[in-house]
Amino acid sequence: MAIIYDEAQSIFHLQTQASSYVMQVVRGKYLSHLYWGRRVEQYRGSRAIIWKDRGFAPNPDDTDRTFSLDTLPQEYPQTGNGDFRTCAYGVRQENGSRISSLLYDGYEILPGKRKLQGLPASFGTPEDVETLVIRLRDELIDLVVELEYNVFDQRGIITRSVRFLNEAQRPVTLTKMLSMSVDFREQDFDVLTLYGAHNNERNMDRRPLTSGIVQIESLRGTSSPQQSPFLALMRKNADEDQGEVYGVQFVYSGNFLASAQVDAFQNVRLQMGLHPWNGEWYLHPGETFQTPEVVMAYTHEGLNGLSHLFHTFYRRHLMRGKHADALRPILINNWEATFFQFTEEKLLNLARKASETGIELFVLDDGWFGHRDGDNSSLGDWFVDERKLPHGLPWLADQIHGMGMQFGLWFEPEMISQDSQLYREHPDYVLHAQGRPYTIGRGQLVLDLSRKDVCDHVIDSVRAVLASTHIDYVKWDMNRHLTEMESGAYGPCQQGEISHRYVLGLYYILETLTSQFPDILFEGCSSGGGRFDAGMLYYMPQSWCSDNTDAVCRMKIQYATSLTFPPVTMGAHVSVVPNQQTGRVTPLETRGYVAMSANFGYELDLNALSQQELDVVKAQIALYKEIRDTIQNGTLYRIKNPFNGNLAQWNFVSQDRKQVVAFHFEILSQPAAPVQLLKLKGLEADALYRDVDRGTVYGGDELMYSGISIPLKKQDFRSECYRFEKV
Ligand code: DGJ
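The opening residue of the sequence shown carries number 6 in the working numbering; numbering runs sequentially from there.
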């Protein structure tokens with residue numbers, strides 16, 4: 006049993022193979038947090054709350070000055086009645102009152118896990134997961150708040166979400182509705198977040214958590230490359246391999262907030278959920294509001310331990326469909342080879358060369374529709390541009406299939422260009438604020454996906470292409486953020502709902518299309534890795550990691566992305582040098598090894614390569630086919646962090662633990678360079694492993710503890726790959 010309820014003490018103990026999470030109903034009314042951390046077999050009450058009369062901490066009951074909401078560790082903190090820290094939710098009654106008080110009103114334990122209506126969320130059978138629902142009630146306004154905890158015992162994961170029910174006869178506006186809140190009665194954490202930009206996604210930022218609040222957020226209408234919806238609290242001594250780490254990740258693709266607040270007594274409040282800015286919800290009598298889900302992982306095995314929990318969980322309980330477990334095809338994408346300037350002949354020449362090298366999927370990127378010769382026209386006109394493709398898409402797809410490859414196609418369905426037939430017919434489809442000018446991004450506007458008719462139009466227009474052409478893969482792009490998040494389709498008191506309604510509309514579209522075309526492999530993209538989040542992963546089991554394909558930058562981007570996302574989800578391509586984004590010239594071998602460390606492909610003009618380079622490409626493809634299962638289905642161990650210096654190292658161990666693939670990268674060549682060691686991880690200490698390329702045999706303990714000496718080389722951006730097979 007993953008959920009244990011001790012009635013005598015009113016204690017809930019959620020237990021996984023790795024962790025325990027303990028709550029108590031205090032004084033019959035207040036749901037308080039006792040413990041989240043390493044698994045304890047049985048919680049008997051050791052971490053009791055110490056009651057103390059603290060200055061400026063007001064009391065609900067004047068007969069007991071030691072009891073204050075301001076010092077109580079809470080599970081879902083309220084607002085306006087004595088807890089001065091950040092609240093988890095907010096309301097506005099019709100009369101303008103914003104005070105709310107939630108008291109305990111019972112619980113339910115359910116086998117399995119309910120679906121979250123209209124939202125991406127983890128799933129599992131009753132053998133995988135058990136659910137606890139705790140009901141809280143604001144008696145004055147008949148607002149019920151159900152806190153849901155899903156305990157994936159074998160996976161070491163707990164997920165949380167919240168449902169609001171308006172049981173009153175009057176409407177109420179929710180002004181804040183976070184998905185989780187945890188009060189740690191502990192100090193001395195570092196906080197780790199991932200920040201970035203277009204071309205520079207997911208940089209690791211670890212800093213001490215001192216007084217005040219660390220808050221990350223997105224107000225861009227998408228999860229954003231600027232901040233990822235992920236936050237971890239780490240013990241000071243925690244590193245890749247040991248130490249306590251608490252990671253939370255939002256299963257959502259729009260505006261979010263994550264924060265860690267240190268209070269006056271050094272307690273830490275960790276929260277995550279929908280961003281309250283422009284994020285209200287108007288609840289009519291009888292209506293409910295469901296928040297998205299947060300995935301919570303605890304480990305005492307450092308960041309690698311955290312990643313293993315997230316990777317397995319996402320692979321088994323979030324990614325869906327036949328492609329979730331399937332090996333992914335090696336692709337070539339024409340974007341960086343041609344940009345908008347292509348002809349049928351150019352594409353077929355590229356495809357022919359690709360099939361000769363062993364590539365398995367040809368992807369036609371932007372520019373195949375309307376009259377799109379640049380980025381300022383035709384979005385919304387999802388019909389083929391016969392100037393460029395006179396024989397049409399079905400014919401092109403047949404040609405590609407005839408070469409033994411699959412065929413993939415790019416779309417950007419959430420957008421509309423002013424220079425498009427769609428805009429001329431439906432200018433009202435645009436997300437906009439009445440009477441105000443449009444804010445334009447990359448020459449384009451955003452469709453108002455808060456409207457069902459607009460969503461249905463998107464579904465119909467994309468479906469028409471998918472149904473008439475033999476398409477195996479779709480790249481779903483999204484190249485600007487949302488502005489003027491308002492909609493004429495809703496009344497004044499609902500304008501604060503539009504950013505969330507946009508995301509719900511997008512999920513409705515994705516759910517419809519991915520279930521109608523289950524054979525198609527969908528890859529998410531947003532100007533590179535701008536919407537690489539767990540919400541999108543539910544619909545699309547892979548995502549383009551970054552438009553920055555420079556090998557050195559990619560080492561970092563992929564390293565940090567792998568904190569929670571398995572390598573199979575990260576699209577990684579070899580492109581030309583000098584690199585289009587950085588101007589850097591790195592060896593083809595290194596570009597290959599970096600891209601091979603994830604979901605491998607190419608994005609360059611193969612016809613412009615020399616024979617020698619083509620031979621290298623062929624060898625890379627052959628190698629990837631040999632190691633693909635280990636990279637895509639195996640376990641990743643990060644060894645050396647490129648954010649910390651000149652080296653990057655990692656290795657993969659196959660599911661059956663028989664194959665090991667390790668990569669070593671040295672960014673700049675140095676004078677008087679030290680000899681570097683590669684100490685592998687995740688091997689069996691007492692097994693023997695044969696170096697496949699060199700023939701030597703080593704013990705697992707030797708490879709892990711003593712390590713391999715890497716020969717010195719005078720070369721910038723050098724790389725090595727080692728493959729071992731268990732003897
Ligand atoms: C942004 C993507 O990240 C690129 O890979 C490419 O598809 C372009 N959009 C096309 O406009």
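For glycine and all other residues, C-beta sits at the position ideal for the given N, C-alpha and C.
Note that the structure is predicted; figures quoted are calculated from it, not measured.
Cβ-Cβ separation, residue j to residue i (assumed contact under 8 Å), whole Å
i	j	result
TRP415	LYS393	Not confirmed; about 13 Å, so no contact.
LYS118	GLY111	So it is not a contact: roughly 20 Å between Cβ atoms.
GLY687	SER659	10 Å between Cβ atoms; not a contact.
GLU285	THR136	Actually they are not in contact, since the Cβ atoms of GLU285 and THR136 sit about 28 Å apart, beyond 8 Å.
GLY597	VAL579	6 Å
GLU419	LEU353	About 30 Å separates the two Cβ atoms, so there is no contact after all.
MET560	PHE670	6 Å
Contacting residues, own chain, Cβ-Cβ under 8 Å from residue i (five flanking each side not counted)
i	result
ARG43	ALA23, SER24, SER25, GLU249, TYR303, HIS305
PRO572	GLN563, SER602, ALA603, ASN604, ILE636, GLN637, LEU641, PHE657
GLN159	THR21, GLN22, ASP133
PRO523	GLY326, LYS327
Simplified DSSP state of residue i, which is helix, strand or coil
i	result
GLU132	coil
MET709	helix
ASP482	coil
MET277	strand
PHE261	strand
LYS731	strand
TYR112	strand
GLU249	coil
SER714	strand
GLY529	strand
PHE412	strand
VAL187	strand
TRP286	strand
ARG466	Per the sequence shown, residue 466 should be read as Ser rather than Arg. The answer is helix: DSSP assigns SER466 an H, G or I state.
LYS686	coil
LYS645	strand
ASN205	strand
LYS457	helix
GLY597	helix
LEU542	helix
MET490	coil
GLN585	coil
Neighbour-count burial assignment, residue i, 16 or more Cβ in a 10 Å radius
i	result
ILE525	buried
CYS558	buried
TYR478	buried
ASN612	exposed
HIS396	exposed
ASP371	buried
THR566	buried
ALA342	buried
ASN100	exposed
TRP655	buried
GLN276	buried
PRO213	exposed
ALA627	exposed
THR591	buried
GLU153	buried
SER520	exposed
VAL702	exposed
Same chain only: Cβ atoms within 7 Å of residue i, ignoring 5 sequence neighbours per side
i	result
SER746	Any property of residue 746 remains undetermined from this structure, which presents the chain solely from 6 to 732.
GLY226	GLY259, ASN260, HIS486, LEU487, MET490, SER504, TYR507
ALA356	PHE367, ILE405, MET408, MET410
GLY217	VAL267
MET623	The sequence given here places Lys at residue 623; Met does not occur at that position. Excluding sequence neighbours, LYS623 sits near THR362, GLY363.
LEU673	ASN651, ASP721
Close Cβ partners of residue i (< 6 Å) along its chain, the five nearest in sequence each way excluded
i	result
GLU245	GLY307, LEU308, ASN309, ARG643
ALA539	GLN254, VAL256
ARG70	ASP58, ASN64
GLU292	ASN171
HIS316	PRO571
Residues sharing a beta bridge with residue i, DSSP
i	result
ARG212	VAL196
THR84	SER105
ILE8	LEU19
LEU238	VAL196, TYR251
GLU306	GLY248
LYS181	GLY95
LEU352	LEU352 pairs with nothing; no bridge assigned.
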